[in-house]
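First up is the structure itself, then whatever we jot down about it.
Protein chains: 2
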Amino acid sequence: MNENEIIGRIAKVFPDHRSRTVELGLGDDAALWRPRSGYQVVLTCDWFLEGTHFLRDKHPADAVGWKCLARAASDIAAMGAKPRCFLLSMAVPLALTGKWFDGFLRGLKRASSKLRCELAGGDTTRQEQMLINVTVIGEVRQGHALRRSGASAGDSLFVSGRLGEADAGLAEVKRQTGIARATNERVRKHLYPEPRLALGTWLAEGQLATAAMDLSDGLSSDLPRLCAASGVGARVEVDSLPVVNARNHDDALQLALHGGDDYELLFTVAKGDVARVPRAYRGLKLTRIGEITREKRVVLLKEGVTRKLEACGWDPFRK
Amino acid sequence: MNENEIIGRIAKVFPDHRSRTVELGLGDDAALWRPRSGYQVVLTCDWFLEGTHFLRDKHPADAVGWKCLARAASDIAAMGAKPRCFLLSMAVPLALTGKWFDGFLRGLKRASSKLRCELAGGDTTRQEQMLINVTVIGEVRQGHALRRSGASAGDSLFVSGRLGEADAGLAEVKRQTGIARATNERVRKHLYPEPRLALGTWLAEGQLATAAMDLSDGLSSDLPRLCAASGVGARVEVDSLPVVNARNHDDALQLALHGGDDYELLFTVAKGDVARVPRAYRGLKLTRIGEITREKRVVLLKEGVTRKLEACGWDPFRK
Chain A
1 MNENEIIGRI
11 AKVFPDHRSR
21 TVELGLGDDA
31 ALWRPRSGYQ
41 VVLTCDWFLE
51 GTHFLRDKHP
61 ADAVGWKCLA
71 RAASDIAAMG
81 AKPRCFLLSM
91 AVPLALTGKW
101 FDGFLRGLKR
111 ASSKLRCELA
121 GGDTTRQEQM
131 LINVTVIGEV
141 RQGHALRRSG
151 ASAGDSLFVS
161 GRLGEADAGL
171 AEVKRQTGIA
181 RATNERVRKH
191 LYPEPRLALG
201 TWLAEGQLAT
211 AAMDLSDGLS
221 SDLPRLCAAS
231 GVGARVEVDS
241 LPVVNARNHD
251 DALQLALHGG
261 DDYELLFTVA
271 KGDVARVPRA
281 YRGLKLTRIG
291 EITREKRVVL
301 LKEGVTRKLE
311 ACGWDPFRK
Chain B
320 MNENEIIGRI
330 AKVFPDHRSR
340 TVELGLGDDA
350 ALWRPRSGYQ
360 VVLTCDWFLE
370 GTHFLRDKHP
380 ADAVGWKCLA
390 RAASDIAAMG
400 AKPRCFLLSM
410 AVPLALTGKW
420 FDGFLRGLKR
430 ASSKLRCELA
440 GGDTTRQEQM
450 LINVTVIGEV
460 RQGHALRRSG
470 ASAGDSLFVS
480 GRLGEADAGL
490 AEVKRQTGIA
500 RATNERVRKH
510 LYPEPRLALG
520 TWLAEGQLAT
530 AAMDLSDGLS
540 SDLPRLCAAS
550 GVGARVEVDS
560 LPVVNARNHD
570 DALQLALHGG
580 DDYELLFTVA
590 KGDVARVPRA
600 YRGLKLTRIG
610 EITREKRVVL
620 LKEGVTRKLE
630 ACGWDPFRK
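Respectively, the protein sequence lines represent chains A and B.
Be aware that the first sequence starts at 1, since it is given in our numbering, and climbs by one per residue.
Be aware that the second sequence starts at 320, since it is given in our numbering, and climbs by one per residue.
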């Protein structure tokens, strides 16, 4: 097994379709691609590391393949853009070059087809641990990108989906013995998250959101970032949070506030446009969870009392 | 030290210049950028891993910063393109978040300025080992990119610079005690390689090269890749190779054939254009080292005798 053979196996699963998207893909020093006229290029990259983001003995190989691309594409969704192609950097342990690698490529290929995001290139090396880094290249109509910085005091704060679901799924994965099985919706969301691409482009094209980002580290870590970028604060109404069903409501609330990996969209809408936001977009629930404030603090409002929301989401440097 | 603080230190070294190159840089979900009209986007990424590509106790922090960007930009040079911006993915060990990180950023900033390649975004996490992945985004005039696939039988084969120099430099670094110092040209080339951007764009704009690639793994590993992409073979004339000065000529030859990390350009020129290739371009030596052949083998010609060139360059899967 040498580097050329690894690349050959990738190329077999991702044959060159002579597509019009990627003008030159695998097999050269770099890839060639062009956005449509009137569109900007959107660029993002994401780590997906064994031990940190997935476990070899817990996560199915095809889920690793799916998720490494899906989570990077979530940043493209958060910009209101469409993914077009991706670069895959991998460091593969020898032990994972066999059947595991086939499963990985199967999941990756499925995500690539579903998200309409073609493999354009990458870099491959060897390590004891599986290391993955994915760069996704997308496009958005000039001037239509959703930024974090556009929220103003008085805007309403919305989220898609249900918060804390993926983290609840992770807890179930840890309880299962052996390789995880998607026995329910929560585990499925942890293993095979779906970037909210349709919602993102709808918000961008309708110029409905004043600001947006995706929730990857948890609301309590991510919302302050949107607020800092916009120079505002926020008040989250606890009772309005779309939490998961749990025996203990407080557990569900903690998951909704601090659980990572949901890849839902957090967005703000100006007062005059709130009525244009439906309860659901293409079956995906949209919930108003609070309001943007002039005061630069992020607070929780519960039963008439406000308290500071502490950032307790995912931070690799705090662990 | 948390993730926001790490990003804050990066942002301080790479302030937002409100540049016209990157329309939206650090601090959002993704970056926004646009190629000039009539240009294609060129995309490449490269690993730079502690233990594999550099050693914490041998390589100066600023050389790690310089080289991680320079070597990724070398792929852009090999396409005849210009780098425009880059994404930086890092996994930083806690022990390297202090002074080491400042040195790293200093080297990275110097490369970014020299190569005119702006930081547009990235992803930061923590690991025991320093992991770096750099994506470089460049642009090339539509239809002018240098590909690996354009070589034909009868074309002459050229290289820039001197082959094996960086590997000779690495050997000296290993002999030095403690952190390496750039005591001579060979060590400097190992620590601070310079992607051949001016040569690449000159070859592309003058439509002089029929095919090109950069030499990162060594001639014996890289030349067969160019030949495979073009569906041809090559004959390398041993006596014409631009080798380093060494006491033992055979050592110098082995370095020239198999030494990695040179980041020189390997390119082919049609018979009728060979006279247009100068002996040097802007002070960088250009040497004709052989010819492209119809027969799909890569051979060495020495004193009238040919023998197969075995791929003995850098391959992480063979180590």
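Note that beta-carbon positions come from the ideal geometry of N, C-alpha and C, so glycine has one too.
Check: Near A:Gly138, what residues of its chain come up, given a Cβ to Cβ distance below 6 Å and the 5 sequence neighbours on each side ignored?
Finding: By 1-based counting over the first sequence, the position of residue 138 of chain A is 138. Same-chain partners within the cutoff: Val42, Ile76, Ala81, Lys82, Pro83 and Arg84.
Next item on the list: Could you tell me which of B:Leu438, B:Arg390, B:Lys386 and B:Ile451 sits nearest to B:Leu415, measuring between CA atoms?
Entry: Translated into positions along the second sequence, residue 415 of chain B becomes position 96. Considering only alpha carbons, the answer is B:Ile451.
Item checked: Where the alpha helix (DSSP H) containing A:Leu62 begins and where it ends -> By one-based count along the first sequence, residue 62 of chain A stands at place 62. At residue 62 of chain A the sequence reads Asp, which differs from the Leu that was named. Residues Ala61 to Ala78.
Next item on the list: Compare the Cα-Cα distances from B:Phe405 to each of B:Cys364, B:Ala382 and B:Met398 and report the closest residue.
Entry: For the purposes of this step, residue 405 of chain B is taken as residue 86 along the second sequence, with counting starting at 1. Here the closest residue by C-alpha is B:Cys364.
Checklist line | Contact set between B:Thr371 and chain A, taken where Cβ atoms lie within less than 9 Å | finding: Sequence index remark: in the second sequence, residue 371 of chain B carries index 52 (1-based). Within chain A, the residues near B:Thr371 are Ala91, Thr125, Arg126 and Gln127.
Notebook entry, point to check: At least one CB of chain B closer than 9 Å to the CB of A:Trp66: is that the case?
Noted result: Sequence index remark: in the first sequence, residue 66 of chain A carries index 66 (1-based). No, its Cβ sits nowhere closer than 9 Å to a Cβ of chain B.
Note to self: Give me the chain A residues within the contact set of B:Ile611, using Cβ-Cβ distance strictly less than 7 Å, ordered along the chain.
What the structure shows: Within the second sequence, the letter at position 292 stands for residue 611 of chain B. Under the 7 Å cutoff, chain A gives no residues; its nearest Cβ is about 17 Å from B:Ile611.
Margin query: Only counting the same chain, and skipping five residues up and downstream in sequence, which positions put a Cβ closer than 8 Å to that of A:Glu310?
Written below: Residue 310 of chain A sits at position 310 when you count from the first residue of the first sequence. The answer, listed in chain order, is Ser220.
Note to self: For the pair the stretch 157-175 of chain A and the stretch 263-275 of chain A, tell me if three or more CB-CB distances fall below 8 Å.
What the structure shows: yes
Item checked: B:Ala330 versus B:Val555: straight-line alpha-carbon distance, rounded -> Taking the second sequence and counting its residues from 1, one reaches residue 330 of chain B at position 11. Taking the second sequence and counting its residues from 1, one reaches residue 555 of chain B at position 236. Taking the straight line from one Cα to the other gives about 47 Å.
Next item on the list: List the residues that DSSP assigns as beta-bridge partners of B:Lys621.
Entry: Position 302 of the second sequence holds residue 621 of chain B. Beta-bridge pairing links B:Lys621 to B:Val624.
Check: Excluding sequence positions up to five away, which residues of its chain have a Cβ less than 6 Å from the Cβ of B:Leu434?
Finding: For the purposes of this step, residue 434 of chain B is taken as the residue at position 115 of the second sequence. Result list for B:Leu434: Ala392 and Pro402, in chain order.
Next item on the list: Select from A:Leu49, A:Ala228, A:Gly150 and A:Asp251 the residue whose C-alpha is nearest the C-alpha of A:Glu295.
Entry: As a working mapping, residue 295 of chain A is identified with position 295 in the first sequence. The shortest C-alpha separation from A:Glu295 is found at A:Ala228.
Note to self: For A:Ser216 and A:Trp66, I'd like the C-alpha separation in whole angstroms.
What the structure shows: What you label residue 216 of chain A is simply residue 216 of the first sequence in a count that begins at 1. What you label residue 66 of chain A is simply residue 66 of the first sequence in a count that begins at 1. For A:Ser216 and A:Trp66, the distance between alpha carbons rounds to 16 Å.
Margin query: According to DSSP, simplified to helix, strand and coil, what is A:Ser37?
Written below: As a working mapping, residue 37 of chain A is identified with position 37 in the first sequence. A:Ser37: coil per DSSP, three-state reduction.
Notebook entry, point to check: If we cut at 9 Å on Cβ distances, does A:Lys319 have a partner in chain B?
Noted result: Here the question's residue 319 of chain A lines up with position 319 in the first sequence. Note that A:Lys319 scores a pLDDT of 47, beneath 50, so its modelled location is shaky; the value from the coordinates is reported in the next line. So yes, A:Lys319 belongs to the interface.
Checklist line | Unbroken beta strand (DSSP E) run spanning B:Pro334, endpoints | finding: Indexing the second sequence from 1 puts residue 334 of chain B at position 15. Where B:Pro334 is concerned, there is no enclosing beta strand (DSSP E), given that its DSSP letter is neither H nor E.
Next item on the list: Mind reading off the beta-carbon distance from B:Asp442 to A:Ala78? Whole number of angstroms is fine, and I expect it under 8 Å.
Entry: Within the second sequence, residue 442 of chain B is the residue found at index 123, counting from 1. Within the first sequence, residue 78 of chain A is the residue found at index 78, counting from 1. The pair is not a contact, with the Cβ atoms about 14 Å apart (cut-off 8 Å).
Next item on the list: Give a yes or no on whether 9 Å exceeds the smallest Cβ distance from B:Gln526 to chain A.
Entry: Translated into positions along the second sequence, residue 526 of chain B becomes position 207. Not closer than 9 Å to any Cβ of chain A, the Cβ of B:Gln526 fails to qualify, so no.
Notebook entry, point to check: the stretch 347-379 of chain B: which residues have C-beta closer than 9 Å to a C-beta of chain A, in chain order?
Noted result: Asp347, Asp348, Ala349, Ala350, Leu351, Trp352, Arg353, Pro354, Ser356, Tyr358, Gln359, Val360, Val361, Leu362, Thr363, Cys364, Asp365, Trp366, Leu368, Gly370, Thr371 and His372
Checklist line | Option nearest A:Leu157 by Cα separation, candidates A:Leu300, A:Trp314 and A:Arg34 | finding: Numbered from its first residue, the first sequence carries residue 157 of chain A at position 157. The candidate whose alpha carbon is nearest that of A:Leu157 is A:Leu300.
Next item on the list: Would you decide whether B:Gln560 is buried or exposed? Buried here means 16 or more other CB atoms lie within 10 Å of its CB.
Entry: For the purposes of this step, residue 560 of chain B is taken as residue 241 along the second sequence, with counting starting at 1. It is Leu, not Gln, that sits at residue 560 of chain B in the sequence shown. Under this definition B:Leu560 is a buried residue.
Next item on the list: Examine chain A for any beta-carbon lying closer than 9 Å to the beta-carbon of B:Ala400, and answer yes or no.
Entry: Residue mapping note: residue 400 of chain B aligns to position 81 of the second sequence, counting from 1. True, the Cβ-Cβ gap to chain A drops below 9 Å.
Next item on the list: Could you name each continuous alpha helix (DSSP H) segment of 4 residues or more that falls completely within the stretch 408-465 of chain B, going from the start of the chain to the end?
Entry: 418-433
Check: Is B:Met449 close to chain A, meaning its C-beta is less than 9 Å from at least one C-beta of that chain?
Finding: Counting from 1 along the second sequence, the entry for residue 449 of chain B is found at position 130. Chain A, which has no Cβ nearer than 9 Å to the Cβ of B:Met449, makes this no.
Checklist line | 8 Å contact criterion, which B:Ala410 and A:Trp33 should meet: CB distance rounded | finding: In the second sequence, the residue the question calls residue 410 of chain B occupies position 91. In the first sequence, the residue the question calls residue 33 of chain A occupies position 33. That belief does not hold up - the Cβ atoms of B:Ala410 and A:Trp33 are roughly 27 Å apart, past 8 Å.
Item checked: Straight-line gap, B:Lys638 to B:His577 (C-alpha atoms, nearest Å) -> Looking up residue 638 of chain B in the second sequence gives position 319. Looking up residue 577 of chain B in the second sequence gives position 258. Residue placement at B:Lys638 cannot be trusted, given a pLDDT of 47 that sits under 50; the coordinates are not used to answer.
Notebook entry, point to check: Less than 9 Å separating the beta-carbons of A:Ala246 and A:Ala168?
Noted result: Here residue 246 of chain A corresponds to residue number 246 of the first sequence, with the count starting at 1. Here residue 168 of chain A corresponds to residue number 168 of the first sequence, with the count starting at 1. Contact: yes.
Item checked: Ranges of the alpha helix (DSSP H) found wholly within the stretch 462-517 of chain B, counting only runs of at least 4 -> 484-494 and 504-510
Next item on the list: Establish whether the CB of A:Val140 and some CB of chain B are separated by less than 9 Å.
Entry: As a first step, residue 140 of chain A must be located in the first sequence, where it is residue number 140. At least one chain B Cβ lies under 9 Å of A:Val140.
Margin query: Quick check on A:Ser149 - is its C-beta less than 9 Å from some C-beta in chain B?
Written below: By 1-based counting over the first sequence, the position of residue 149 of chain A is 149. Yes - at least one Cβ of chain B is within 9 Å of the one on A:Ser149.
Next item on the list: Identify, in the order they occur along the chain, each residue of the same chain with its Cβ nearer than 7 Å to the Cβ of A:Ala198, setting aside the five sequence neighbours on each side.
Entry: If you number the first sequence from 1, residue 198 of chain A lands on position 198. Correct list, in chain order: Arg282.
Item checked: Where the alpha helix (DSSP H) containing B:Asp581 begins and where it ends -> To locate residue 581 of chain B, count along the second sequence from 1; it is residue 262. Here B:Asp581 belongs to no alpha helix (DSSP H), and DSSP marks it neither H nor E.
Check: Are the beta-carbon atoms of B:Lys289 and B:Arg598 separated by less than 9 Å?
Finding: No answer is possible for residue 289 of chain B: the residues shown for chain B start at 320 and end at 638.
Notebook entry, point to check: How about B:Pro611 and B:Ala472: do their beta carbons lie closer than 9 Å?
Noted result: Against the second sequence, residue 611 of chain B aligns to sequence position 292. Against the second sequence, residue 472 of chain B aligns to sequence position 153. Correcting the residue identity first, residue 611 of chain B is Ile in this sequence and not Pro. Yes, they are a contact pair.
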